[in-house]
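With the working numbering as the guide, the letters of the sequence shown map in order to residues 11 to 186. Ideal Cβ positions, reconstructed from N, Cα and C, are used throughout, including at glycine. From a predicted model like this one, the values you see are computed outputs, not experimental measurements. For reference, the structure discussed in these notes is given below.
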Amino acid sequence: MEVYLSENAFVGLLVSTIEVYRRECFGILLGHNTPERKVVEFVVPYQTAKRKFREVRINWDRSQRVGEAVRDVSRWECVGDYHSHPMYGTKRATTRLSKEDLKHFKEGDVSVVAAINDISKPRRWSYVAHESLSGTINGYSLRISAYYKMGNEILRVPIVCPYAIGFLEKNAKPKS
Ligand SMILES: [Zn+2]
11 MEVYLSENAF VGLLVSTIEV YRRECFGILL GHNTPERKVV EFVVPYQTAK RKFREVRINW
71 DRSQRVGEAV RDVSRWECVG DYHSHPMYGT KRATTRLSKE DLKHFKEGDV SVVAAINDIS
131 KPRRWSYVAH ESLSGTINGY SLRISAYYKM GNEILRVPIV CPYAIGFLEK NAKPKS
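Given below as structure tokens:
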């Protein structure tokens, strides 16, 4: 299993994560499923997510309602969800799943986690540890990881995003 992010999905994820920083964002991934790949065409942030520093409480009824509506009116399906892990005080954020994340994980779904931290130096986007996606934008450092639940196991799976690779924010000047 791997997760493919389109240009739209990548940009949407960035905007969503940065917009609410230092709070958490939450939303769904829309696209289509193949046996080996979840293709994410775009992301839809949830307006109703009650955003807090350490966790996001989601109204799961609403979440299901949105998923069904998407299936009914479009050729897309909901292939999973995403949320961010913002830097908290001086504690740097990671993409590791929290206890709360593990509890709500649905079988067969993917969950994308974007960790966001302050950083001073621009860096090109690249794959790290062969799986995650990492880079900077406007003074923030982001690392994006994907997880997939198979049976009782939650596995980290590779993210594929050709659009992001090599991407360097416009006007980025190396810090002296
Ligand atoms: Zn989380």
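- Taking C-beta atoms as the reference points, ASN127 and ARG106 fail to come closer than 8 Å.
- In the structure shown, SER73 adopts helical secondary structure according to DSSP, grouped into three states.
- In the DSSP assignment, LEU143 forms a beta bridge with TYR137 and ILE154.
- Excluding sequence positions up to five before and after ILE129, its CB lies within less than 8 Å of the CB of THR146, GLY149, TYR150 and SER151, all in the same chain and listed in chain order.
- Among the bridge pairs identified by DSSP, LYS101 is matched with TYR98.
- In the pairwise beta carbon analysis, the segment 131-139 is classified as not touching the segment 71-89: fewer than three pairs are separated by under 8 Å.
- In the structure shown, the three-state DSSP call for SER121 is strand.
- By DSSP's assignment, TYR14 forms a beta bridge with VAL49 and VAL170.
- Residue list for ligand 1: SER108 and ASP111 (CB closer than 5 Å to any heavy atom, chain order).
- With a cutoff of 8 Å on beta-carbon distance, VAL122 and ILE154 are scored as near each other.
- Here the C-alpha atom of GLU29 lies approximately 20 Å from the C-alpha atom of PHE177.
- In this structure, the alpha-carbon of THR100 lies about 14 Å from that of ARG33.
- According to the DSSP assignment, LEU178 belongs to no alpha helix (DSSP H), since it is labelled neither H nor E.
- For LEU40, the enclosing beta strand (DSSP E) covers residues 36-43.
- ILE28 carries a helical assignment under DSSP once its states are collapsed to helix, strand and coil.
- Membership of LYS113 in the alpha helix (DSSP H) is indicated by the continuous run 109-113.
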